[in-house]
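Everything on this sheet refers to the single structure shown next.
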Amino acid sequence: MARMNGNERIRQVAPADLQVIHYPDPRLREICVEVEEVDDSVRALAERMCELMLDSRGVGLAAPQVGITVRLFVASPEFTPEDCHVYINPRILESEGSEDGEEGCLSFPGISCKVKRSRRVVIEATDLSGQTFRDDVKDLHARICQHESDHLDGRLLVDRMSPVAKLGNRRALKELEAAFAG
Ligand code: CO
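Start counting the sequence shown at 2; every next residue gets the next number (the numbering used here).
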């Protein structure tokens, strides 16, 4: 896997076979690689991820969460199929303000905690037609962009938890670890 480029990683699995993977699956800890070229397989991946996200009642999903370790995520702050944003090779260019908010993660079922994030971010990415675009977003949309960008660098909700939140979620984390071990 390590030597494969982004497009090869995407072409490895049929979109219909993708499922959301859970902590502590080691794929969630990988530093994801860039997508070289936006082609039909990338579009099929994004479409499947939007479907999985909404079916799982999430507002954001990063490619490593379906086991594809490339820099791509989807977001739907309004939680509707019409409001599905796709970010390929995203980069946060600016961030401003700071706000505590409750966060969950589809890779951490049953867990939520307060996380401090910037209130507004400017994010640059490639879209599904291969064009570069910039989004200037705030509040929930900005929070999702930051949470999903974390995923692309192998950074997880559990890393952002305060010691108190970690203690509060200790049982749920242990259960996920036990479920993964088998
Ligand atoms: Co997440």
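Cβ coordinates follow ideal geometry from the N, Cα and C atoms, glycine included. Since the model is a prediction, treat every value here as computed from it, not as a measurement.
* Asked: According to the Cβ coordinates, are Val60 and Arg10 closer than 7 Å?
  -> In this structure, the beta-carbon distance from Val60 to Arg10 does not fall below 7 Å.
* So, are the CB atoms of Leu1 and Ile89 less than 7 Å apart? -> There is simply no residue 1 to check, as the chain begins at 2 and stops at 183 in what is shown.
* To do: Give a single yes or no on whether Cys51 has its beta carbon closer than 6 Å to a heavy atom of ligand 1.
  => Remark: the shortest separation between the CB of Cys51 and any heavy atom of ligand 1 does not fall under 6 Å.
* **Three or more C-beta pairs below 8 Å linking the segment 164 to 183 and the segment 110 to 125** => Yes, the segment 164 to 183 touches the segment 110 to 125.
* **Complete alpha helix (DSSP H) runs within the segment 4 to 54 (minimum length 4 residues, chain order)** => Taking only runs of at least 4 residues, the alpha helix (DSSP H) segments lying wholly in the segment 4 to 54 are 7 to 12.
* Asked: Comparing alpha-carbon positions, which option in Leu157, Gly183 and Ala143 lies nearest Ile32?
  -> Selected option, being the one with the closest Cα: Leu157.
* What residue does the beta strand (DSSP E) around Cys146 start on, and which one ends it? -> It is not in any beta strand (DSSP E) - Cys146 instead sits in the alpha helix (DSSP H) that spans Asp140 to Leu153.
* From the beta carbon of Cys33, is the nearest beta carbon of chain D less than 7 Å away? -> Within the model displayed, chain D is absent; a lone protein chain is all it includes.
* Let me know if Arg4 comes out buried or exposed under the rule of 16 or more other beta-carbons within 10 Å of its beta-carbon. => Burial is judged here by how many other beta carbons sit within 10 angstroms of a residue's own beta carbon; Arg4 has fewer than 16 and is exposed.
* DSSP three-state assignment for Pro110, whether helix, strand or coil -> Note: Pro110 maps to coil in three-state DSSP.
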